[in-house]
Amino acid sequence: MIDGKAVIQISVKGKIQLKDESEAKTLSHFAGDWSLGPSTSYMLLFERKQLGTPIETSEASFLGKVLFAGVIEEGSLLEFINFLGENNRSGVLVVVSDGVKKSVFFKEGQIRYATSTDPDDRLGNVLFRYGMVEKDKLTEALSDRSRRLGEKLVQMGVLGISDLYRAIKAQVEEIVYSCFLFTTGSFYFYELATTASLPSHLHLATRNVLMEGVRRMDEMSYFRKKLPGAEVVPEVLKDATIDNLTKQESGILALIDGRCNLEELSRKSHLGVFDTTRIVFHLMQGGIVRLKSTHSMANEASGGEDNIDKLLTAYNQVFHLISAKAEGFTPKLQRDLEMFLHKLDGELAVLFSGVVVKPDLTIDPAQILQNMTRLSDRSSVFSLVYKALDEIFYFLLFSAGISIDSAVETDLQNTIRQLTKQG
Numbered sequence: 015m016i017d018g019k020a021v022i023q024i025s026v027k028g029k030i031q032l033k034d035e036s037e038a039k040t041l042s043h044f045a046g047d048w049s050l051g052p053s054t055s056y057m058l059l060f061e062r063k064q065l066g067t068p069i070e071t072s073e074a075s076f077l078g079k080v081l082f083a084g085v086i087e088e089g090s091l092l093e094f095i096n097f098l099g100e101n102n103r104s105g106v107l108v109v110v111s112d113g114v115k116k117s118v119f120f121k122e123g124q125i126r127y128a129t130s131t132d133p134d135d136r137l138g139n140v141l142f143r144y145g146m147v148e149k150d151k152l153t154e155a156l157s158d159r160s161r162r163l164g165e166k167l168v169q170m171g172v173l174g175i176s177d178l179y180r181a182i183k184a185q186v187e188e189i190v191y192s193c194f195l196f197t198t199g200s201f202y203f204y205e206l207a208t209t210a211s212l213p214s215h216l217h218l219a220t221r222n223v224l225m226e227g228v229r230r231m232d233e234m235s236y237f238r239k240k241l242p243g244a245e246v247v248p249e250v251l252k253d254a255t256i257d258n259l260t261k262q263e264s265g266i267l268a269l270i271d272g273r274c275n276l277e278e279l280s281r282k283s284h285l286g287v288f289d290t291t292r293i294v295f296h297l298m299q300g301g302i303v304r305l306k307s308t309h310s311m312a313n314e315a316s317g318g319e320d321n322i323d324k325l326l327t328a329y330n331q332v333f334h335l336i337s338a339k340a341e342g343f344t345p346k347l348q349r350d351l352e353m354f355l356h357k358l359d360g361e362l363a364v365l366f367s368g369v370v371v372k373p374d375l376t377i378d379p380a381q382i383l384q385n386m387t388r389l390s391d392r393s394s395v396f397s398l399v400y401k402a403l404d405e406i407f408y409f410l411l412f413s414a415g416i417s418i419d420s421a422v423e424t425d426l427q428n429t430i431r432q433l434t435k436q437g
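The numbering of the sequence shown is our numbering, which starts it at 15 and goes up by one.
This is the structure we're talking about:
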């Protein structure tokens with residue numbers, strides 16, 4: 015089966031050429047006339063118009079029999095993987111969506127291995143997410159190209175063989191679980207010329223993987239109502255009643271310090287993002303922890319000029335975005351913002367004194383940094399600047415009568431969290 019080796023390029027004028035001429039021999043086996051059959055934006059199907067020259071068996075190692083192909087719809091991959099398991103199929107399921115390709119290897123209906131072009135699915139990233147390897151050791155191991163990453167880490171004494179097995183198992187499971195979330199794209203299943211080429215060092219019961227995948231999908235959608243992403247920061251409530259906790263809940267609770275987000279907690283606990291999210295959710299339900307607000311993080315951040323400058327840069331990017339989205343209304347918004355700043359009082363009036371609003375609605379950081387020297391109390395200057403910029407942000411949205419993608423607000427919160435950690 016040709017699997018991503020021979021790459022052809024189709025120009026905007028419809029002309030086809032081979033990107034790597036060294037693969038011409040592979041495609042020469044398919045010489046002849048072909049017509050384009052039913053296709054999708056992810057996959058092209060070509061039908062032979064005339065019988066070609068039979069391919070010699072000795073040269074057929076790249077061939078595979080495509081048995082099934084289709085378009086991904088919600089839930090379709092769950093059903094198809096269940097079909098492969100129930101019918102004891104051997105071969106490779108390839109899933110393509112949004113430029114990402116994931117391959118799941120089956121032998122007699124059981125999952126044996128999985129690969130992915132998504133960098134997040136690489137073994138090194140999985141090891142880091144689960145807190146099994148630190149960055150410096152990972153970098154050192156990756157620098158040795160003579161050995162596979164897992165083998166090198168075992169040789170270095172960073173991992174034991176049981177640790178490596180657990181990591182590879184988690185990697186394969188996460189790749190399969192992520193396939194269930196695809197709602198667009200295409201898939202195809204093919205048999206290899208020989209099953210000897212199927213990886214066999216893992217053996218995952220397909221039925222169990224399916225059941226766990228469905229459970230995770232259902233529970234994560236429920237958890238996300240209170241924990242919208244892995245970047246949120248939980249903190250322990252004062253005077254919380256703590257009793258009847260499981261070992262895992264007690265372990266996570268001991269790690270919650272009001273500074274680590276869910277992703278960092280999952281790394282420290284070695285539990286992964288899903289189980290960490292589940293445990294923090296249960297602790298929230300029990301009234302033991304809550305999510306730390308952006309304002310409280312801002313109050314803890316360092317008031318140094320470098321942090322203030324980074325905060326202003328982040329908000330200026332958003333102000334520029336609002337300007338572009340408002341189009342012809344920008345001059346009016348510029349005047350409205352100038353009036354808004356003019357009416358500030360107290361320390362905010364000092365902080366924004368003489369600040370110029372540019373035509374793209376961005377403001378000059380240099381003037382604000384200069385005004386900081388005039389403040390009587392600089393201990394909470396970061397919080398002061400943050401609250402003012404946040405107020406400007408929502409004022410501009412109100413004045414323009416527009417909305418901004420929620421991802422923009424999430425990015426701002428992430429910036430504040432990072433600056434808080436630096437402080």
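Where a beta carbon is used, it is the ideal one built from N, C-alpha and C, also for glycine.
Buried versus exposed call for residue i [16 or more other C-beta atoms within 10 Å across all chains shown]
i: K166; result: buried
i: E35; result: exposed
i: S192; result: buried
i: N321; result: buried
i: Q23; result: exposed
i: S283; result: buried
i: R103; result: buried
i: T387; result: exposed
i: T290; result: buried
i: K306; result: buried
i: G301; result: exposed
i: I406; result: buried
i: I382; result: buried
i: G89; result: exposed
i: T71; result: At T71, the pLDDT of 42 sits below 50, so the modelled position is not reliable and the matter cannot be decided from this model.
Distance between residue j and residue i (C-alpha atoms, nearest Å)
i: A74; j: L206; result: For A74, the predicted model reports a pLDDT of 43, less than 50, meaning its position is unreliable and no value from the coordinates is stated.
i: M146; j: D47; result: 53 Å
i: E277; j: L269; result: 12 Å
i: S176; j: E361; result: 59 Å
i: K121; j: V21; result: 28 Å
i: L410; j: S130; result: 42 Å
i: L279; j: K63; result: 58 Å
i: A45; j: G28; result: 19 Å
i: K79; j: D271; result: 55 Å
i: R126; j: L216; result: 5 Å
i: S157; j: Y179; result: 22 Å
i: E148; j: D132; result: 21 Å
i: T255; j: I266; result: 16 Å
i: D134; j: S111; result: 15 Å
i: F354; j: L347; result: 10 Å
i: L32; j: C274; result: 49 Å
i: D425; j: V332; result: 10 Å
i: D419; j: M298; result: 27 Å
i: D323; j: L389; result: 17 Å
i: A340; j: K372; result: 15 Å
i: M170; j: Q262; result: 29 Å
i: I86; j: R136; result: 24 Å
i: V26; j: F396; result: 51 Å
i: F162; j: N139; result: Reading off the sequence, residue 162 comes out as Arg, not Phe. Distance between the alpha carbons of R162 and N139 is about 14 Å.
8 Å Cβ cutoff met for residue i and residue j
i: F366; j: A402; result: yes
i: L251; j: R304; result: yes
i: S337; j: D374; result: yes
i: V186; j: L218; result: yes
i: S49; j: F60; result: yes
i: L351; j: Y204; result: no
i: R230; j: F142; result: no
i: I189; j: G164; result: no
i: V118; j: G199; result: no
i: K240; j: F201; result: no
i: L98; j: G123; result: yes
Bridge-paired residues (DSSP) for residue i
i: A128; result: V118
i: S200; result: V85, V110
i: I22; result: L32
i: G105; result: F120
i: E405; result: Paired residues: none, contrary to the question.
i: K261; result: Answer by DSSP bridge pairing: none, since K261 is not bridged.
i: L218; result: I125
Exercise for the section: Could you tell me which uninterrupted alpha helix (DSSP H) segments, each at least 4 residues in length, are contained entirely in the stretch 306-376, listed from first to last along the chain? Expected result: 308-314, 319-340, 344-356, 360-365
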